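The sequence shown begins at 1 in the working numbering and counts up by one. Heads up, the beta-carbon is just placed ideally off N, CA and C, and yes, glycines get one too. All of these numbers come straight from a predicted model, not from anything done at the bench. Below is one structure, written out as C-alpha cells; the observations come after it.
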Amino acid sequence: MYESYYGLNEPAFAVTPDPRFLWLSETHEEGLSVLCYGIVRRKGFILLTGEVGAGKTTLLRAALDRIPVEFLDFPETAMILNTMGLNQLDLLKLICAEFRITGIQPQSAQQLTTADYLIALNRYLLDRLRDGVNAVLIIDEAQNLSPAALEQVRLLSNLETDTQKLLQIVLTGQPELRQSLGRPELRQLRQRIAIEHHVEPLGRGDILSYLRHRIEVAGGQYEDVFCDGADSVFFDFSGGCPRLINLLADRVLLSAFSKKLRPVPVALVELKAKEMAATTAEESSRPTRRGKRRRGRKR
Ligand SMILES: Nc1ncnc2c1ncn2[C@@H]1O[C@H](COP(=O)(O)OP(=O)(O)OP(=O)(O)O)[C@@H](O)[C@H]1O
Ligand SMILES: [Mg+2]
C-alpha cells in the first residue's frame, strides 16, 4: 500500500518468518550456527528457545535454506509447526506424514497403533541411512507438547544403529519449554540435548541495523523511510522483540503515508508506539471469557 511511496518493492515489516529478511545479530548468528552445525554434524538433539517473536521460526527456515543439499534434502525433513493438543499417537502420525511414509501396515486387524508407526518410521530411517541421507525432525512451538508427547520424542531419539543416530531432532519453543524439560520425569530427554541456544532480544545498538537491513532487502533506503533517532523509540517500545518492531513499523508507515510524511519523523513513531502500548495494556487488563466465567461461578 505505502511501499512505493517509501521506495520499497515489497513490505519491509511483514510478520511472516521469511528468512530472506534475516538480520544476524550476535544471538541470531549463534542460533543459526547451532542449528546448521547440529544438523550437519548429526548431533542428535538440538534445542533452540527464545521469547515470543524473538525469531526462532525465522532461524529454522534460514537454517534449512542454508544447509547444503548434500547434508539435508527436503523430503528428509519433517517439520511440525502446530503442536497444540497433540497426543503421542497424533505426533507419530504427523511425523510419518511429514516424511511422506505411506502404506503403513497394521500388525493387527485393529486401527494403526503406536507400534505400527514406529516400525514404519524405523524402516524409513534405516533406508535413509543406507542412502547416506540425514533425516531431521523439527518440532517448532514444542512448548505446547505434553510431557508424555515430549517423552515420545525422546523415545524417537533411541532409533539408532550400533554406531549412528538415525534421526536428528530439533526442538524449538518459548522459554516454558526449558521449564518443561526441567521436570524430573523429562530428565532423560534433558540429558540427551547435545547442543542448544537461547535467542535473546535485540540490543538497543542493534535496532538501526535491523531496520536498515529489512528496508534494504525490500529495495529501499533507510534515510528515505525514517528520520534519525527513530531506532531508539523502536527499542523502547519493543524491548528488542523483532515481531513488535515490525508491527510498530508497519503501523507507523501506514499512518505516515496517509499524512504524506517522508522520511517519518520521530514524533510520529513515538505517537504510534504510545497508541500501541495503550491498546496492549487495555487488552491485557480486559477479562478473558474464561476469567469472566470463573468470576461468575464464584458469585
Ligand atoms: N534476526 C531477524 N532478522 C530479521 N527479521 C527477524 C529476525 N528475528 C525475527 N524477525 C522477524 O520477526 C518476526 C517474528 O519472528 P518469528 O516468527 O521467527 O518469531 P518466533 O520466535 O518464532 O515467535 P513465536 O514464539 O511466536 O513462534 C518475523 O517477521 C521475523 O521475520
Ligand atoms: Mg515461531
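Mind checking who residue i pairs with in its DSSP beta bridge?
i           : result
residue 240 : Bridge partners of residue 240: none, in fact.
residue 170 : 46, 138
residue 78  : 137
residue 270 : According to DSSP, which records beta bridges pairwise, residue 270 is partnered with nothing at all.
residue 165 : 160
Classify residue i as helix, strand or coil using the three-state DSSP reduction.
i           : result
residue 24  : coil
residue 226 : strand
residue 97  : helix
residue 249 : helix
residue 194 : strand
residue 296 : Any answer about residue 296 is weak, because its pLDDT of 37 lies below 50 and its placement is not dependable; what the coordinates show is given next. Note: residue 296 maps to helix in three-state DSSP.
residue 260 : coil
residue 199 : strand
residue 160 : strand
residue 234 : helix
residue 113 : coil
residue 31  : helix
residue 5   : helix
residue 285 : helix
residue 179 : helix
residue 146 : coil
residue 63  : helix
residue 152 : helix
residue 83  : coil
residue 11  : coil
residue 275 : helix
residue 41  : coil
residue 291 : Because residue 291 sits at a pLDDT of 46, beneath the cut-off of 50, its placement in the model cannot be relied upon, and the following sentence gives the value as read from the coordinates. Of the three classes helix, strand and coil, the one that applies to residue 291 here is helix, per DSSP.
Take residue i and list the residues in its own chain whose beta-carbon comes closer than 7 angstroms to its own, dropping the five residues that flank it on each side.
i           : result
residue 185 : 147
residue 209 : 23
residue 282 : none
residue 21  : 214, 217
residue 57  : 17, 140
residue 193 : 45, 47
Which residues in the same chain as residue i place their Cβ atom closer than 6 angstroms to its Cβ, once the five residues preceding and following it in sequence are excluded?
i           : result
residue 200 : 27
residue 246 : 13, 15
residue 80  : 94, 139
residue 227 : 263, 265, 266
Whole-angstrom Cβ separation of residue i and residue j, contact assumed at under 8 angstroms?
i           : j           : result
residue 54  : residue 242 : 7 angstroms
residue 305 : residue 8   : Here the chain covers residues 1 to 299 and nothing more, so residue 305 does not appear.
residue 197 : residue 48  : 6 angstroms
residue 65  : residue 19  : 5 angstroms
residue 42  : residue 134 : 6 angstroms
residue 277 : residue 237 : 7 angstroms
residue 166 : residue 159 : 4 angstroms
residue 224 : residue 262 : 7 angstroms
Can you list, in chain order, the residues of its chain whose CB lies under 8 angstroms from that of residue i, leaving out five sequence neighbours each side?
i           : result
residue 63  : 32, 35, 36, 39
residue 182 : 190
residue 122 : 159, 166
*Taking contact to mean at least 3 C-beta pairs separated by less than 8 angstroms, is the region 137 to 153 in contact with the region 164 to 178?*
With a cut-off of 8 angstroms, the region 164 to 178 and the region 137 to 153 count as touching, because enough Cβ pairs lie within range.
*Meets three-Cβ-pair contact criterion under 8 angstroms: the region 267 to 286 and the region 242 to 258*: Because the criterion of three Cβ pairs below 8 angstroms is met, the region 267 to 286 and the region 242 to 258 touch.
*Answer yes if the region 66 to 85 comes into contact with the region 202 to 211, meaning at least three C-beta pairs across the two stretches below 8 angstroms, and no otherwise.*
Segments in contact, no.
*Should the region 77 to 96 be regarded as contacting the region 112 to 123, the criterion being three or more beta carbon pairs within less than 8 angstroms?*
Touching, yes, given that three or more Cβ pairs across the two stretches are closer than 8 angstroms.
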